[in-house]
Amino acid sequence: MRVARFSHDDSIRYGILDEQELVVLSGDPMFAGYDTTGERVPLTDVTLLAPVIPRSKVVCVGKNYHDHAAEMDSEAPAEPLLFLKPNTAVIGPDDAIVLPPQSSRVDFEGELAVVIGRIAKNVTPDAALDYVFGYTIGNDVTARDLQRADGQWARAKGFDTFCPLGPVIETEFDLGGGAELTTRRNGEVAQRGSIADMIHSVPDIIAYASAVFTLLPGDVILTGTPAGVGPFVAGDVVEVAIDGLGVLRNTARVAEPRP
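Okay, so the sequence shown: first residue is 1 according to the UniProt record's numbering, each after it adds one.
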């Protein structure tokens, strides 16, 4: 089932994607279930929004593919390398990624995103997937020069608009199906890898993170990126595609001058 969060007639609503229409839900299905209103809205009449705004945090995993760790000149970590993005970094499909004036190099990092569906604390890997609402696509946008200069990642990863998510949440995604992740910059392939190549699996990541943070419904976990990360500039279009999840597309622009 593909769940969308969308804007229509000046209101924000939820729906189930049925080909080129949305079956409108009575509320957020994560909390209100899948009761419908009886309405169907053409997809062309709505604006898709970020499919979820995390209640508290976006938990990210660094260097979770061997080839990406190698391109960053580092060893793959023995345990998941966790960091956080604020929920103010989240934007949706077709929203603009704003390039901050503090940085001269901003990179894309296409990733599988996991949406938590219920409170998770100290869960086991075997039970971890029971706490998942669904899956979507993320882009862990990074100010690479600031990441290197700061020695830690909060500023480089945390700017507003640095966490595009979307286009929808797939509740029945097959983690074991070897889905391919592809990132394109202006139509040219920059990243291509299989989510099967993650060093730390999704259940292991959820278990590890839940031992540190209580995961709340709507929290998002970004699971790492394969090799091929690279810079983009104002006017560039970045597309992240994952088999079975669709395409997340965003265009970059410069920050507007401060008054």
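Using N, Cα and C, we set each Cβ at its ideal position, and we do this for glycine too.
* Asked: Would the beta-carbon of Gly92 fall within 7 angstroms of that of Gly166?
  -> yes
* To do: Sort out for me which residues DSSP pairs Phe108 with in a bridge.
  => Gly230
* **The beta strand (DSSP E) enclosing residue 279, as first and last residue numbers** => Since the first residue shown for the chain is 1 and the last is 259, residue 279 is missing from the structure and cannot be characterised.
* Find the nearest neighbour of Leu216 within the set Val123, Gln147, Gly15, judged by alpha-carbon distance. => Val123
* Can you give the Cα-Cα distance for Gly151 and Arg55, rounded to whole angstroms? -> 28 angstroms
* Asked: Roughly how many whole angstroms lie between the Cα atoms of Glu111 and Gly38?
  -> 35 angstroms
* **Those residues which DSSP pairs with residue 261 across a bridge** => Examination of residue 261 is not possible in this model, given that the chain is present from 1 through 259 alone.
* Asked: Would Val58 be called buried (16 or more neighbouring beta carbons within 10 Å of its own) or exposed?
  -> buried
* On the three-state DSSP scale, how would you describe Leu215? -> strand
* With respect to the alpha helix (DSSP H) encompassing Arg40, which residues constitute its N-terminal and C-terminal limits? -> Unbroken run through Arg40 is the beta strand (DSSP E), 36 to 42; no alpha helix (DSSP H).
* Grab the span of the beta strand (DSSP E) containing Val254 for me, first residue to last. => 246 to 254
* Are the CB atoms of Phe83 and Phe232 nearer to each other than 7 angstroms? -> no
* Nearest to Tyr34 by alpha carbon, out of Leu22, Asn87, Tyr131, Thr44? -> Leu22
* To do: Helix, strand or coil for Val168, going by three-state DSSP, please let me know.
  => strand
* Asked: Do the stretch 94 to 103 and the stretch 200 to 219 make contact, defined as three or more Cβ pairs closer than 8 angstroms?
  -> no
* Report the partner residues of Val3 according to the DSSP bridge assignment. => Ile16, Ile169
* To do: Would you check if the distance between the CB atom of Thr225 and the CB atom of His66 is smaller than 7 angstroms?
  => no
* Between the beta-carbon of Leu17 and the beta-carbon of Val212, is there less than 7 angstroms? -> no
* Beta-carbon proximity list for Glu71, same chain, < 6 angstroms, skipping 5 on both sides -> Ala227
* With a cut-off of 8 angstroms on the beta carbons, I'd call Thr241 and Thr182 a contact; round off their distance for me. => The residue you asked about is not Thr; residue 241 is Ala in the sequence shown. Contact holds; Cβ gap of about 5 angstroms.
* Asked: Since Glu170 contacts Tyr135 with CB under 8 angstroms, what's their CB separation in whole angstroms?
  -> 5 angstroms
* To do: Indicate, with yes or no, if the ligand COA has a heavy atom lying under 6 angstroms from the CB of Glu75.
  => Judged by which ligands are present, the structure shown has none, so any question about the ligand COA falls away.
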